[in-house]
Amino acid sequence: MSVKKILLFVVQSALIGLIAAVLILIIRPELLDSADNHDGEKSATPATKAGNSSTQGPASYHAAVEKAAPAVVNVLATTITPVEHNPLLDDPQMRDFLGGELPEQPRAKRDDNYGSGVILNDQGYILTNNHLVSTADEIQVTLRDGRQANARVIGSDPDTDLAVLKVKLDNLPALTIADSTGLRIGDVVLAIGNPYGFGQTVTQGIVSATGRKRLGISTFEDFIQTDAAINPGNSGGALVNASGELIGINTAIISNTGGSQGIGLATPVHIATNVMKQLIENGRVTRGWLGIEAQIAPPGSIPEDIADNGVLIAGIMPGGPADQVGLQPGDIIISILDEPVTGPEETIRRITSIDPGTEISLEVLRGWDVMEFKPEVAERPSFDRG
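Quick note: the sequence shown uses my numbering, first residue 85, plus one each step.
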């Protein structure tokens with residue numbers, strides 16, 4: 085074979101191979117990604133199954149919803165108001181005017197309020213919002229599987245806007261509880277509830293912020309903020325993570341229109357379950373109380389060699405535990421039980437977590453003198469927020 089024929093054969097073979105490679109890559113482009121990844125270069129990360137961790141997140145949250153949704157119930161809270169009898173309808177002349185037949189008067193007016201609740205154990209205990217059921221005369225819950233039951237209020241806590249209901253049903257689903265103290269801004273969350281009475285609905289968003297306070301919604305506020313759509317009727321529903329675990333109880337929205345504007349608030353589940361436990365065991369929530377009004381200490385009021393932070397006592401309740409041991413407005417608390425204080429909300433939260441009847445030590449700055457007081461924590465009275 086001549087050199088010319090050999091070269092022609094090589095060129096033809098190369099062209100055939102190149103054409104074949106192009107055709108293969110057109111038909112199977114993923115082979116190129118596989119080859120790049122094998123060589124150490126970046127390749128696209130495939131979507132994972134719902135519930136699995138991935139930098140891109142799951143392709144679907146169906147598995148999370150199927151895990152959580154059966155334990156989220158629709159709540160119908162009905163308030164019954166008696167209607168006064170109209171004496172004009174008893175007048176004989178009015179009866180004659182109406183042809184002897186009188187319209188039947190309703191004996192009561194029924195006002196329905198739609199909301200949601202979360203089953204937390206198979207004994208039938210349901211967490212919901214206090215504002216949903218506080219004035220209700222009748223409460224009916226509907227499960228996702230269609231079962232219905234009347235519920236009774238076990239206890240309520242207006243200070244956190246939480247309430248516990250109980251139903252008598254068998255084979256109840258229950259939500260798995262996550263650690264809400266470890267939430268991160270940007271974590272994916274799902275809100276499950278009964279907006280506008282439509283029936284069970286799921287919306288998706290992220291954790292927008294944590295520790296939201298001073299919103300005027302309840303006395304003790306430490307809300308999770310989310311942009312998952314929360315509307316009227318979602319109150320008392322579940323806020324779950326991407327694995328379908330409960331992280332919060334949907335409580336309120338911040339809105340100028342009354343509808344969702346991307347600012348929803350949920351009570352963290354570690355707070356909600358503590359309230360639920362006390363309501364089930366005692367029918368009420370017991371909190372410690374000293375009878376003080378706490379504010380941020382003014383700049384320069386605490387010498388650097390004494391403490392880094394302090395809380396100003398702006399007011400004293402007459403006859404309260406603080407008053408009884410001689411604390412005064414203007415005193416600055418710098419530690420509780422030898423632990424430094426960091427701010428007014430944190431100070432009140434620590435006091436409320438102490439069992440009534442417990443004697444505690446307070447380190448207090450009065451003028452430039454450091455003094456110690458040992459009040460006995462009392463039970464926090466109920467205050468009307470109205």
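Yeah, the Cβ is synthetic: ideal placement off N, Cα and C, and Gly gets one too. Note that the coordinates shown come from a computational prediction; the quantities given were computed from them, not determined experimentally.
8 Å contact criterion, which G394 and L449 should meet: CB distance rounded: Within the sequence shown, residue 394 is the residue found at index 310, counting from 1. Within the sequence shown, residue 449 is the residue found at index 365, counting from 1. That pair is a contact at about 6 Å.
What are the boundary residues of the alpha helix (DSSP H) that D407 is part of? Indexing the sequence shown from 1 puts residue 407 at position 323. Taken as a continuous stretch (DSSP letters only), the alpha helix (DSSP H) holding D407 covers 405-408.
Using C-beta distances below 8 Å, list every residue in its chain close to W373, excluding the 5 sequence neighbours before and after it, in chain order. If you number the sequence shown from 1, residue 373 lands on position 289. Counting only Cβ-Cβ distances below 8 Å, and skipping sequence neighbours, we find G404, P405, I435, T436, P440, V461, A462, E463, R464, P465.
Is the region 282-294 touching the region 240-257 in the sense that three or more CB pairs, one from each, lie closer than 8 Å? no
Span of the alpha helix (DSSP H), counted from its first residue to its last, around R434: What you label residue 434 is simply residue 350 of the sequence shown in a count that begins at 1. R434 -> alpha helix (DSSP H) spans 428-436.
Please confirm whether V369 and V353 have their CB atoms less than 8 Å apart. As a first step, residue 369 must be located in the sequence shown, where it is residue number 285. As a first step, residue 353 must be located in the sequence shown, where it is residue number 269. No, the pair does not count as a contact, with Cβ atoms beyond the cut-off.
With DSSP as the reference, label K193 as helix, strand or coil. Locating residue 193 in the sequence shown gives position 109, where the first residue counts as 1. Reduced to three states, the DSSP call for K193 is strand.
What's the C-alpha gap between P459 and S445? By 1-based counting over the sequence shown, the position of residue 459 is 375. By 1-based counting over the sequence shown, the position of residue 445 is 361. The alpha-carbon atoms of P459 and S445 are separated by roughly 7 Å.
For Y280, count the other beta carbons within 10 Å of its own beta carbon; 16 or more makes it buried, fewer makes it exposed. Which is it? Translated into positions along the sequence shown, residue 280 becomes position 196. Burial is judged here by how many other beta carbons sit within 10 angstroms of a residue's own beta carbon; Y280 has fewer than 16 and is exposed.
Pick helix, strand or coil for Y145, following the three-state DSSP scheme. Counted from its first residue, the sequence shown places residue 145 at position 61. If DSSP states are grouped into helix, strand and coil, Y145 belongs with coil.
Since E463 sits in a beta bridge, which residues does DSSP pair it with? Position 379 of the sequence shown, counted from the start, is the residue given in the question as residue 463. According to DSSP, which records beta bridges pairwise, E463 is partnered with G372.
Do I364 and Y209 come within 8 Å of each other at the CB atom, strictly closer than that value? As a position in the sequence shown, residue 209 is number 125, starting the count at 1. As a position in the sequence shown, residue 364 is number 280, starting the count at 1. Yes. Within cutoff.
Using the DSSP secondary-structure output, state which residues sit across from R296 in a beta bridge. Position 212 of the sequence shown, counted from the start, is the residue given in the question as residue 296. The partner list for R296 (beta bridge, DSSP) reads F307.
Could you check which residue in V156, D229, N214 has the C-alpha nearest to that of D243? In the sequence shown, residue 243 corresponds to position 159, counting from 1. When only C-alpha atoms are compared, the closest one is N214.
Give me the Cβ distance between I397 and D422, rounded to the nearest whole Å; I'm assuming they're in contact under 8 Å. Your numbering for residue 397 matches position 313 in the sequence shown. Your numbering for residue 422 matches position 338 in the sequence shown. Not confirmed; about 19 Å, so no contact.
Please classify R236: is it buried, with 16 or more other beta-carbons within 10 angstroms of its beta-carbon, or exposed? Stepping through the sequence shown from its first residue, residue 236 is reached at position 152. Classification for R236: exposed.
Just to confirm, is the Cβ distance from L204 to V273 under 8 Å? Within the sequence shown, residue 204 is the residue found at index 120, counting from 1. Within the sequence shown, residue 273 is the residue found at index 189, counting from 1. No.
Which two residues bound the contiguous beta strand (DSSP E) that contains T357? As a working mapping, residue 357 is identified with position 273 in the sequence shown. Counting along the chain, T357 falls outside any beta strand (DSSP E), though it belongs to the alpha helix (DSSP H) covering 353-366.
Got a sec, what are the start and stop residues for the beta strand (DSSP E) L216 sits in? What you label residue 216 is simply residue 132 of the sequence shown in a count that begins at 1. Per DSSP, L216 belongs to no beta strand (DSSP E); it is in the alpha helix (DSSP H), 214-217.
Take the Cβ of D453 as the centre, count every other Cβ of all protein chains shown within 10 Å, and call the residue buried at 16 or more, exposed below. Translated into positions along the sequence shown, residue 453 becomes position 369. Counting Cβ neighbours within 10 Å, D453 comes out exposed, since fewer than 16 surround it.
Express the C-alpha separation of K361 and S240 in angstroms, rounding to a whole number. For the purposes of this step, residue 240 is identified with residue 156 of the sequence shown, where counting begins at 1. For the purposes of this step, residue 361 is identified with residue 277 of the sequence shown, where counting begins at 1. Between S240 and K361, the C-alpha separation is close to 11 Å.
I need the DSSP call for T442, collapsed to helix, strand or coil. For the purposes of this step, residue 442 is identified with residue 358 of the sequence shown, where counting begins at 1. Coil at T442, not helix or strand.
What are the boundary residues of the beta strand (DSSP E) that includes F457? Taking the sequence shown and counting its residues from 1, the one referred to as residue 457 is at position 373. Unbroken beta strand (DSSP E) run through F457: 453-457.
If the criterion is Cβ atoms closer than 8 Å, does the pair I355 and N334 meet it? Taking the first residue of the sequence shown as position 1, residue 355 is located at position 271. Taking the first residue of the sequence shown as position 1, residue 334 is located at position 250. No, the Cβ-Cβ distance between I355 and N334 is not below 8 Å.
Rounded straight-line distance, which links the Cα of G328 to that of A275: The residue given as residue 275 occupies position 191 in the sequence shown. The residue given as residue 328 occupies position 244 in the sequence shown. Straight-line Cα distance between these residues: approximately 10 Å.
Sequence-distant residues of its chain with Cβ nearer than 8 Å to I438 (five each side left out): Numbered from its first residue, the sequence shown carries residue 438 at position 354. Within the same chain, I438 has close Cβ partners G372, I444, V461.
If you check the beta carbons only, do R228 and A153 fall under 8 Å apart? Against the sequence shown, residue 228 aligns to sequence position 144. Against the sequence shown, residue 153 aligns to sequence position 69. Yes, these two residues count as a Cβ contact at 8 Å.
With Q232 as the anchor, note down where its beta strand (DSSP E) starts and where it stops. What you label residue 232 is simply residue 148 of the sequence shown in a count that begins at 1. 232-234 is the span of the beta strand (DSSP E), which, as asked, contains Q232.
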